[in-house]
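Comments concern the structure below.
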Amino acid sequence: MALTLTFSGTRGGIDTRTKRHRMHSALLISWRRRRIMIDCGADWQNKVVQVNPNAILITHAHADHAGGLKGVASCPVYATKDTWSRIRVGLIPGKEVIRPRVPVDLFGIEFEAFPVEHSMRAPAVGYRITAGHHSVFYMPDVVRIHDQAQALQGLQLYIGDGASITRPILRKRDGKLIGHASIRTQLEWCREEGVRRAIFSHCGSEIVTGNERIVADKIRVLGKQAGVDARIAHDGLRVTL
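Sequence positions in the sequence shown follow this note's numbering and run 463 to 703.
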């Protein structure tokens with residue numbers, strides 16, 4: 463059975479938006495007539511009804527990932543305890559807690575949350591998604607993955623952080639790095655773990671304001687150097703596995 467992934471939004475936490483990168487990053491997973499949305503940024507407030515998901519999962523509490531949850535009452539919303547403690551968007555009746563490294567089955571799809579380094583104020587996770595024989599990892603904001611091998615080995619597809627192409631966006635706070643690993647670095651992770659296909663969402667200014675054809679070629683070359691088929695996502699992109 464096919465697993466369908468729709469990139470409902472691909473814009474990172476930047477002000478600039480274009481036709482191809484208009485909405486805050488969100489992924490819609492379709493499997494056996496069920497639809498699960500990952501992340502619901504501020505752009506999605508009052509628009510979730512158009513997506514009509516059966517469930518929502520949140521990677522972390524930053525506004526471009528959780529700011530659109532206000533008023534979402536028609537489906538359960540899953541996040542870690544750390545993330546729920548930091549979300550301030552009013553009443554969410556369907557709150558569910560997902561525990562890191564404890565797989566949860568939702569409508570026949572297994573989700574396992576892996577802690578990643580990105581922000582101290584909003585601890586983040588990436589989700590390893592398994593449906594039938596399909597396996598995907600979704601992680602729109604990341605500096606480093608805890609348990610990288612367990613997160614990435616055996617994947618069909620890695621979906622990662624498109625904030626920067628070759629230069630990481632990093633700063634140190636209380637001795638810890640926060641921010642965004644470059645696409646080049648993430649492709650190296652894929653090479654190390656044998657992942658052959660990668661798509662980058664949560665696009666930053668380098669992608670959104672650049673010549674996308676030139677940028678796409680650059681990312682394809684970086685991917686080829688790592689032995690990975692790499693491309694950029696855009697709003698509305700649909701991938702079937």
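We treat Cβ as the ideally placed atom computed from N, Cα and C, and that holds for glycine.
*Starting from Arg590, follow the beta strand (DSSP E) in both directions and report where the run begins and ends.*
Ala586 to Ala593
_Just list the residues that DSSP pairs Ala575 with in beta bridges._
Tyr589
*For Thr521, count neighbouring C-beta atoms within 10 Å of its own C-beta (all shown protein chains included) and say buried if the count is 16 or more, exposed if not.*
buried
*Gly471 in three-state terms, based on DSSP*: strand
*Is the CB-CB distance between Val511 and Ser470 below 9 Å?*
no
*asked:* Which residues does DSSP list as the beta-bridge partners of Val559?
replied: Ala541
*Hey, out of Tyr589, Asp623 and Ala593, whose CA is closest to Ile661's CA?*
Asp623
_In DSSP terms, what Leu519 is bridged to_ = Ile500 and Tyr540
*Is Gly641 helix, strand or coil by DSSP?*
strand
_Under the three-state DSSP convention, the category Lys686 falls into_ = helix
*Thinking C-alpha only, which one of Glu674, Val604 and Asp544 is nearest His642?*
Val604
*Would you grab the beta carbon distance between Ile491 and Ile571 for me? Rounded to a whole angstrom, and I think it's under 8 Å.*
7 Å
_Inter-residue spacing [alpha-carbon to alpha-carbon] between Arg561 and Pro602_ = 19 Å
*Would you mind working out which of Ala525, Thr542, Gly594 and Ile676 sits nearest Leu703, comparing C-alpha positions?*
Gly594
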